[in-house]
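Heads up, the thing below is written out as structure tokens.
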Amino acid sequence: MQNLILPPAGLGRSMSGTVKRSWDRARRRGLCASDTLMFNEVSVSLQRQVRERNKYFTDAVAPELAALSQSLAPSGWIVACVDDMGIVVDALGKPSDDGRRLKLALRTGVSLSEDAVGTNAPGCALVERRPVIIGGCDHYLQEAHQFLCVAVPISDPHGRLLGALDASCERGGNPLAVMESLVLAGRAAENRLVFALNRAIFIRFHHRLDMVGTPLEGILAFSEDGELLGMNQTARHIFSIDGGAQRAITFESLFGIGFQRAVERLRADRQGMPQLESAHGMLLHSRLGADVARVTPQGATAPRRLQRD
23 MQNLILPPAG LGRSMSGTVK RSWDRARRRG LCASDTLMFN EVSVSLQRQV
73 RERNKYFTDA VAPELAALSQ SLAPSGWIVA CVDDMGIVVD ALGKPSDDGR
123 RLKLALRTGV SLSEDAVGTN APGCALVERR PVIIGGCDHY LQEAHQFLCV
173 AVPISDPHGR LLGALDASCE RGGNPLAVME SLVLAGRAAE NRLVFALNRA
223 IFIRFHHRLD MVGTPLEGIL AFSEDGELLG MNQTARHIFS IDGGAQRAIT
273 FESLFGIGFQ RAVERLRADR QGMPQLESAH GMLLHSRLGA DVARVTPQGA
323 TAPRRLQRD
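Following this note's numbering, the numbering of the sequence shown begins with 23 at its first residue and continues without gaps.
Here's what the structure looks like:
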């Protein structure tokens, strides 16, 4: 009975599609709900390797992780980042008095991938590539049923998955409010990575004027000749561009006009917010430049031109 798709406490209720798919994946991998997998020993050498391997990622998310911890820790939440393999890289926060097990589950080096421990928020977010909330008996393993977890995936300027931000607590809490904070933090971290691209000309935009200058704005980074070097998630959604592409993307292919002409127009009206029309007809309030602190994550490489299918 341990491998039934419905968790014991969930009999008689419906599961979300996200949770059901994750449980199906866990069953296919042969995981048993009664397995004890999250609290095994983690060596100091493994923890060191995990931190060193993910320096680029942790440098990008560190400011957001610290801010989230300051905001959420008083309510018993621990915030963490996991890498693209689902391994915990770092965690901040002080759990409630009975939260020792949560702290153990979020040690550096612990694997929270679906392959390792079944359904959980960061592991599921990495597979689904979208924000996820997993609470109580929606976790596949019984040993995680007391946890409430929220996670959002993080991608680099080329659309490659870097990892996820996670917030976890014991039973209780307001996961929807935490989700909103995590989404904004994730977008801010991704924007920081775009702004860290060297020798790039940045165009910031949104179809809503009030969104420009916020973590939800679109950001495109171009070379001097108008070839795309990187973009954030909002830009990727607006222009329907996936990562891992094959053909070079240019400013002209996105907007239908020459790059230099557009740059001159934006430079001539720095105090305003002129609209650029995308190639598919959307009017986007736009401006040049990056007015945030440009902290280059260690391990960052020189920008390469983006491609699409």
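All C-beta atoms in this analysis are idealised placements derived from N, C-alpha and C, irrespective of residue type, glycine included.
With the cut-off set at 7 angstroms, would you say residue i and residue j are in Cβ contact?
i       : j       : result
Leu-128 : Ile-156 : no
Asp-188 : Pro-153 : no
Phe-224 : Ala-243 : yes
Ala-211 : Ile-176 : yes
Gly-131 : Val-83  : no
Met-107 : Ser-135 : yes
Leu-87  : Leu-114 : yes
Val-111 : Val-72  : yes
Lys-333 : Ala-95  : Coverage of the chain is limited to positions 23 through 331, which leaves residue 333 absent and any answer about it impossible.
His-307 : Gln-297 : yes
Tell me, which residues are paired with residue i by DSSP?
i       : result
Ala-48  : Its beta-bridge partners do not exist; DSSP assigns none.
Cys-171 : Ile-156, Ser-190
Asp-112 : Cys-103
His-228 : His-307
Ser-133 : Ile-109
Ser-203 : None, per the DSSP bridge assignment.
Gln-297 : His-307
Gly-195 : Paired residue(s): none; Gly-195 is not in a bridge.
Provide the residue span of the beta strand (DSSP E) that contains residue i, from first to last.
i       : result
Arg-309 : 305-310
Asp-105 : 100-105
Leu-126 : Run containing Leu-126: none in the beta strand (DSSP E); it sits in the alpha helix (DSSP H), 122-127.
Gly-1   : Nothing can be reported for residue 1, as the shown portion of the chain is limited to 23 through 331.
Gln-164 : Taken as a continuous stretch (DSSP letters only), Gln-164 belongs to no beta strand (DSSP E), as it is neither H nor E.
So which of the options has the shortest CA-CA distance to residue i?
i       : options                            : result
Ser-44  : Glu-86, Val-149, Ala-218, Leu-306  : Val-149
Arg-209 : Val-174, Phe-261, His-229, Thr-80  : Val-174
Ala-48  : Asp-160, Pro-296, Pro-85, Leu-204  : Asp-160
His-167 : Met-295, Thr-141, Ala-290          : Thr-141
Met-201 : Glu-286, Ile-260, Val-172          : Val-172
Leu-238 : Gly-52, Arg-75, Leu-206            : Leu-206
Gly-278 : Leu-305, Leu-126, Arg-122          : Leu-305
Gly-248 : Ile-271, Arg-230, Ile-260, Ile-263 : Ile-271
Asn-254 : Leu-215, Gln-282, Lys-42           : Leu-215
Ile-263 : Ala-147, Cys-191, Gly-181          : Gly-181
Asp-137 : Phe-217, Leu-53, Arg-283           : Leu-53
Met-60  : Leu-310, Ser-133, Met-233          : Ser-133
Glu-246 : Ile-260, Arg-230, Glu-274, Val-234 : Glu-274
Since residue i and residue j are thought to touch, with beta carbons under 8 angstroms apart, how far apart are those beta carbons, to the nearest angstrom?
i       : j       : result
Ala-312 : Leu-276 : That pair is no contact at about 19 angstroms.
Gly-185 : Cys-103 : 6 angstroms
Leu-219 : Gly-252 : 5 angstroms
Leu-163 : Pro-197 : That belief does not hold up - the Cβ atoms of Leu-163 and Pro-197 are roughly 19 angstroms apart, past 8 angstroms.
Glu-165 : Thr-58  : 6 angstroms
Val-234 : Arg-309 : 6 angstroms
Tell me the residue span of the alpha helix (DSSP H) that contains residue i.
i       : result
Gly-145 : 143-150
Leu-251 : No alpha helix (DSSP H) contains Leu-251, which is instead part of the beta strand (DSSP E) from 250-253.
Gln-69  : 66-75
Gln-293 : Gln-293 -> no alpha helix (DSSP H), and no H or E assigned at all.
Leu-276 : 273-277
Any heavy atom of the ligand ATP closer than 6 angstroms to the beta-carbon of residue i?
i       : result
Ala-127 : The ligand ATP is absent from the structure shown, which contains no ligands of any kind.
Using a Cβ-Cβ cut-off of 7 angstroms, state whether residue i counts as contacting chain B.
i      : result
Ser-67 : Absent from the structure is chain B; it holds one protein chain and no more.
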